[in-house]
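Right, one structure below, let's go through it.
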Amino acid sequence: MENTILKNVCEQFNFSKQCQKYNLSIWQCPSFLTFLTGIVTLIVTISTYVVAIKYASPEIVALIVLAMAAVLMIFNYLIVQGFERLVEANRLKTEFVSIASHQLRTPLTGIKWTINLMKNETTFPLTGEQNRKLEMIEENNQRMINLVNDLLNISRVEQGRLNMEPGPVHLEKIIQDLVKEYKEFSKANNVKLFFTFKKNLKPAFTDRQGIELVLRNLMDNAIRYTKGGGDVKIRLTEKGNFIRYEIQDQGVGIPKDDQKRIFQKFFRSQNVMKYQTQGTGLGLFIAKSIINASKGKMGFKSQENKGTTFWFELPIVNKKQIKQNANL
Amino acid sequence: MKKILFIEDEPTLQKTVDKFLENSGYEIKGAMDGELGIKMAKKFQPDIILLDLILPKMNGFEVLEELQRDEATKNIPVIVLTNLEGSVDVEKAISLGAKTYLVKANYELSEIVKKIEEVLK
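If you read the protein sequences in the order shown, they are chains A and B. Just so you know, this note's numbering puts 159 at position 159 of the first sequence, and the rest follows in order with no gaps. Just so you know, this note's numbering puts 355 at position 27 of the second sequence, and the rest follows in order with no gaps.
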């Protein structure tokens, strides 16, 4: 009986566990903050006593100390209340995005699948003109779907809830699959894809889903923003303790004035806006956040009308991380 | 002909999937809530179940649990077809026995048929 009470008390003090429940750092966690303010109160109260006892009679000291303690407790209570409200607001925001994206996706899926059916129609096939109109609806619908997906990812990025589960990832394999997948799309854009990589590359330490998102975004951009055909060259090498990825295109490039804003949310360069209004301006923002979260670096080099090279570097898996993964 | 049970409460999605899968040569029945879904699974004995997660009367997770619990249905493969996308939800669904988890809005109907064929192999 006594053991369980002791155990419960100790569990209450296991702040990191308690705080994980809220998905917060320990400095934002209400129970830890309460504990901290309690300690501060105790220290201040004792110090006040020690100081006061030098200058006043015992009764006055008792009163001063009590008053001090009371004031402190009120402040502490208010502070912790404030943080608790923050936590709750954060949780509601997350929930809202989750619900909103689900609710938005439902009718968008309805439209997507209805169009699938119409295009699949064999008994009364559509005329060319009808097909074209249908394609316009399909494109715009897909834009909305992409926006919802991007907004969901951004919300996760901003709340540090990217759900990153880093582990050893062989980038070559993922890129090879993507090159296959993007073959048709690149052909349609008159783009030739090339992928070269160093032999026996070590794996990078990163989240597989996240890095796939980054690779897709960079590849999409490189192909899409190459007007009039060209080559897209992807290179994977080792650079010190990092795996380095580069993707070079012969596309429209990024104007010098826009370069410092390229990773900002919703930012789209003027020179691509006139060619293609489909982008959300969120891809690079999300990509950079994922790379940063993996303790990597990301950058680019570009010249308008000549082309752009985007690169990122991710840390190579170290021995300790390999061991951790083996134990999972 | 392979039998499919589609448990989904959205009428448009029921209708479009129904038509498409029929055209692709499957026998398909639909249920618009979790409770009915379970009843039909037991009666209809489909070769595969497509399951939404947000459902009236009994949600998708509860359906998965119930399907696992019953001898008559525990070996029927389930593909979760939902627009929910937390990794927590994915893990939960897989741990409750779902074969795979697809976010509806990111798949064309033809791609879903491919996934069904993969699972049925």
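Heads up, the beta-carbon is just placed ideally off N, CA and C, and yes, glycines get one too. In this text the structure is predicted, and so the values were computed from the model without any measurement.
Does the beta carbon of residue i sit closer than 9 Å to a beta carbon anywhere in chain A?
{"i": "residue 401 of chain B", "result": "no"}
{"i": "residue 434 of chain B", "result": "yes"}
{"i": "residue 442 of chain B", "result": "no"}
{"i": "residue 414 of chain B", "result": "yes"}
{"i": "residue 387 of chain B", "result": "no"}
{"i": "residue 382 of chain B", "result": "yes"}
{"i": "residue 428 of chain B", "result": "no"}
{"i": "residue 331 of chain B", "result": "no"}
{"i": "residue 338 of chain B", "result": "yes"}
{"i": "residue 341 of chain B", "result": "yes"}
{"i": "residue 334 of chain B", "result": "no"}
Where does the unbroken beta strand (DSSP E) through residue i begin, and where does it stop?
{"i": "residue 248 of chain A", "result": "242 to 249"}
{"i": "residue 110 of chain A", "result": "Counting along the chain, residue 110 of chain A falls outside any beta strand (DSSP E), though it belongs to the alpha helix (DSSP H) covering 58 to 119."}
{"i": "residue 193 of chain A", "result": "191 to 197"}
{"i": "residue 235 of chain A", "result": "230 to 239"}
{"i": "residue 315 of chain A", "result": "307 to 315"}
{"i": "residue 334 of chain B", "result": "331 to 335"}
{"i": "residue 252 of chain A", "result": "Per DSSP, residue 252 of chain A belongs to no beta strand (DSSP E) and is neither H nor E."}
{"i": "residue 167 of chain A", "result": "167 to 169"}
Measure how close the beta-carbons of residue i and residue j come, nearest whole angstrom, since I'm counting them as under 8 Å.
{"i": "residue 331 of chain B", "j": "residue 355 of chain B", "result": "5 Å"}
{"i": "residue 186 of chain A", "j": "residue 152 of chain A", "result": "With a Cβ gap of about 27 Å, residue 186 of chain A and residue 152 of chain A do not count as contacting."}
{"i": "residue 55 of chain A", "j": "residue 65 of chain A", "result": "Not a contact, Cβ separation roughly 13 Å."}
{"i": "residue 205 of chain A", "j": "residue 313 of chain A", "result": "At roughly 12 Å, the Cβ-Cβ gap does not stay under 8 Å, so residue 205 of chain A and residue 313 of chain A are not in contact."}
{"i": "residue 302 of chain A", "j": "residue 253 of chain A", "result": "5 Å"}
{"i": "residue 444 of chain B", "j": "residue 407 of chain B", "result": "7 Å"}
{"i": "residue 230 of chain A", "j": "residue 272 of chain A", "result": "At roughly 15 Å, the Cβ-Cβ gap does not stay under 8 Å, so residue 230 of chain A and residue 272 of chain A are not in contact."}
{"i": "residue 144 of chain A", "j": "residue 108 of chain A", "result": "6 Å"}
{"i": "residue 214 of chain A", "j": "residue 293 of chain A", "result": "Not quite, the Cβ-Cβ distance comes to about 11 Å (not below 8 Å), so this is no contact."}
{"i": "residue 118 of chain A", "j": "residue 92 of chain A", "result": "About 40 Å separates the two Cβ atoms, so there is no contact after all."}
{"i": "residue 146 of chain A", "j": "residue 436 of chain B", "result": "The pair is not a contact, with the Cβ atoms about 14 Å apart (cut-off 8 Å)."}
{"i": "residue 258 of chain A", "j": "residue 248 of chain A", "result": "No, residue 258 of chain A and residue 248 of chain A are not in contact; Cβ-Cβ is about 19 Å, not under 8 Å."}
{"i": "residue 362 of chain B", "j": "residue 387 of chain B", "result": "6 Å"}
Note down, in chain order, every chain A residue with its Cβ under 8 Å from the Cβ of residue i.
{"i": "residue 347 of chain B", "result": "117"}
{"i": "residue 344 of chain B", "result": "110, 113, 114, 116, 117"}
How would you list, in chain order, the residues of chain B whose beta-carbon sits under 7 Å from the beta-carbon of residue i?
{"i": "residue 206 of chain A", "result": "Under the 7 Å cutoff, chain B gives no residues; its nearest Cβ is about 16 Å from residue 206 of chain A."}
{"i": "residue 213 of chain A", "result": "Here the premise fails: no neighbours, minimum Cβ distance about 12 Å."}
Step through the CB atoms of chain B and report whether any lies within less than 9 Å of the CB of residue i.
{"i": "residue 101 of chain A", "result": "yes"}
{"i": "residue 280 of chain A", "result": "no"}
{"i": "residue 169 of chain A", "result": "no"}
{"i": "residue 311 of chain A", "result": "no"}
{"i": "residue 261 of chain A", "result": "no"}
{"i": "residue 328 of chain A", "result": "Below a pLDDT of 50, predicted positions are generally treated as unreliable, and residue 328 of chain A, at 45, falls in that range; no measurement from the model is reported."}
{"i": "residue 37 of chain A", "result": "no"}
{"i": "residue 152 of chain A", "result": "yes"}
{"i": "residue 148 of chain A", "result": "yes"}
{"i": "residue 315 of chain A", "result": "no"}
So which residues of chain A does residue i contact, with C-beta pairs closer than 9 Å?
{"i": "residue 438 of chain B", "result": "116, 120"}
Determine the chain B residues that contact residue i at a beta-carbon separation under 8 Å, and present them in chain order.
{"i": "residue 105 of chain A", "result": "411, 431, 432, 433"}
Assuming residue i is part of the alpha helix (DSSP H), what are its boundary residues?
{"i": "residue 368 of chain B", "result": "362 to 372"}
{"i": "residue 184 of chain A", "result": "183 to 188"}
{"i": "residue 349 of chain B", "result": "339 to 351"}
{"i": "residue 267 of chain A", "result": "Where residue 267 of chain A is concerned, there is no enclosing alpha helix (DSSP H), given that its DSSP letter is neither H nor E."}
{"i": "residue 443 of chain B", "result": "437 to 448"}
{"i": "residue 359 of chain B", "result": "Here residue 359 of chain B belongs to no alpha helix (DSSP H); instead the beta strand (DSSP E) covers 355 to 359."}
{"i": "residue 300 of chain A", "result": "It is not in any alpha helix (DSSP H) - residue 300 of chain A instead sits in the beta strand (DSSP E) that spans 297 to 303."}
{"i": "residue 291 of chain A", "result": "283 to 293"}
{"i": "residue 222 of chain A", "result": "208 to 224"}
{"i": "residue 377 of chain B", "result": "No alpha helix (DSSP H) holds residue 377 of chain B; the beta strand (DSSP E) holding it covers 376 to 379."}
{"i": "residue 459 of chain B", "result": "Missing from the structure shown is residue 459 of chain B; chain B here goes from 329 to 449 and no further."}
With a cut-off of 9 Å, does the C-beta of residue i fall near any C-beta of chain C?
{"i": "residue 337 of chain B", "result": "Protein chains in the displayed structure are A and B, and chain C is not among them."}
- Using Cβ-Cβ distances below 7 Å, what residues of the region 87 to 101 of chain A are close to chain B? Using a CB distance below 7 Å, the part of the region 87 to 101 of chain A facing chain B consists of 98, ordered along the chain.
- Message: Please list, in chain order, the residues of the region 129 to 145 of chain A that have any C-beta partner in chain B closer than 7 Å.
- Response: Against chain B - using a Cβ distance shorter than 7 Å - the residues of the region 129 to 145 of chain A are 145.
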